[in-house]
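Peer 1:
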Amino acid sequence: MANLERSKGIQGYSNIEDQIQGVSKTKEALDNEKDQTLQEITDTVRQIEKEVKDRKQHLAPEIQKLR
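Following the numbering used here, the numbering of the sequence shown begins with 3 at its first residue and continues without gaps.
#1: Hey, could you find the ends of the alpha helix (DSSP H) residue 12 is sitting in?
#2: Would you tell me roughly how many angstroms separate the C-alpha atoms of residue 4 and residue 23, rounded to the nearest one?
#3: Specify the secondary structure class of residue 69 as computed by DSSP and reduced to three states.
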């Protein structure tokens, strides 16, 4: 392959292509990790929002008594 690349004036093409594919795989893995992390953050925020809402509802009668 190296001889063919050299004869066509594109020496090192297959090496560069392999490197690009490696970078693409790494980027894909990082993107997947990022997506998973964002999903976990979203789930945590939703849980916190639910807890705050539940506590407000639970405390609403007590707040009304104080007014």
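From the three backbone atoms N, C-alpha and C, an ideal C-beta is built for every residue, glycine too.
Peer 2: From the atom records:
#1: Unbroken run through residue 12: none, as it is neither H nor E.
#2: 18 Å
#3: coil
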